[in-house]
């Protein structure tokens with residue numbers, strides 16, 4: 001959905017969808033359950049989309065570097081979510097105290113909800129822009145120094161998607177899944193060495 005919307009706004013639907021598919025596959029095994037805070041999937045996706053648009057990249061070998069650079073944002077975003085939840089818990093404690101006192105005319109619940117939404121919006125927006133700008137300058141230096149090396153890499157989107165989907169496959173924790181995976185890798189390697197692919 002994010003990739004489709006970004007592509008509709010920027011006009012590069014194909015690259016935007018390819019980036020979104022990569023991150024969906026990469027975080028496939030992280031299902032939020034209970035108190036577990038999964039990696040923040042939107043942070044690296046939005047940052048990668050913004051950086052790819054900024055650099056006007058469409059080829060997998062160029063975008064691959066951006067994808068790798070944006071991956072840590074998922075864990076940083078999860079830490080930020082955890083910190084925001086701790087901050088919001090203070091408001092929850094105030095709400096419980098308000099409910100015990102039974103003040104009917106007080107506007108405390110509305111104020112707490114408004115502050116929570118505003119705090120989350122401002123924090124997320126600052127996190128996104130700060131991290132994206134920092135990554136932009138780091139990647140400018142990287143592509144200036146090692147751009148020709150990246151241009152020589154033969155990378156396709158299908159390779160990136162296969163690499164991203166390994167996390168979901170290995171998260172199954174079944175021996176048969178591992179055996180099937182190893183068999184597929186060996187068979188694929190044989191086809192490459194034989195010149196069939």
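Numbering (the working numbering), first residue to last: 1 to 197.
Cβ coordinates follow ideal geometry from the N, Cα and C atoms, glycine included.
It should be emphasised that the depicted structure is a prediction, and the values quoted were computed from it without experimental measurement.
Measuring alpha carbon to alpha carbon, tell me which residue in the options is nearest residue i.
| i | options | result |
| --- | --- | --- |
| residue 24 | 181, 162, 193 and 176 | 162 |
| residue 241 | 21, 5, 181 and 196 | Residue 241 lies beyond the residue range present for the chain, which begins at 1 and ends at 197; the question has no answer from this structure. |
| residue 71 | 49, 56 and 195 | 49 |
| residue 154 | 59, 12 and 19 | 59 |
| residue 111 | 146, 152 and 88 | 88 |
| residue 159 | 19, 86 and 13 | 19 |
One question on the structure: do residue i and residue j come within less than 8 Å of each other, judged by their Cβ atoms?
| i | j | result |
| --- | --- | --- |
| residue 135 | residue 51 | yes |
| residue 2 | residue 46 | yes |
| residue 84 | residue 53 | no |
| residue 187 | residue 177 | no |
| residue 43 | residue 73 | yes |
| residue 69 | residue 138 | yes |
| residue 91 | residue 61 | no |
| residue 81 | residue 40 | yes |
| residue 165 | residue 5 | no |
| residue 95 | residue 109 | yes |
Where does the unbroken alpha helix (DSSP H) through residue i begin, and where does it stop?
| i | result |
| --- | --- |
| residue 3 | 2 to 10 |
| residue 134 | 108 to 151 |
- Does the stretch 76 to 85 come close enough to the stretch 120 to 132 that 3 or more CB-CB pairs lie under 8 Å? yes
- Where are the alpha helix (DSSP H) runs, 4 residues long or more, that stay fully inside the stretch 23 to 80, in chain order? As far as the stretch 23 to 80 is concerned, its whole alpha helix (DSSP H) runs of at least 4 residues are 42 to 55 and 60 to 70.
- Looking at C-beta atoms only, is the number of pairs between the stretch 60 to 70 and the stretch 139 to 149 that lie closer than 8 Å three or more? yes
- Item | beta strand (DSSP E) segments (min. 3 residues) lying fully within the stretch 154 to 179 | none
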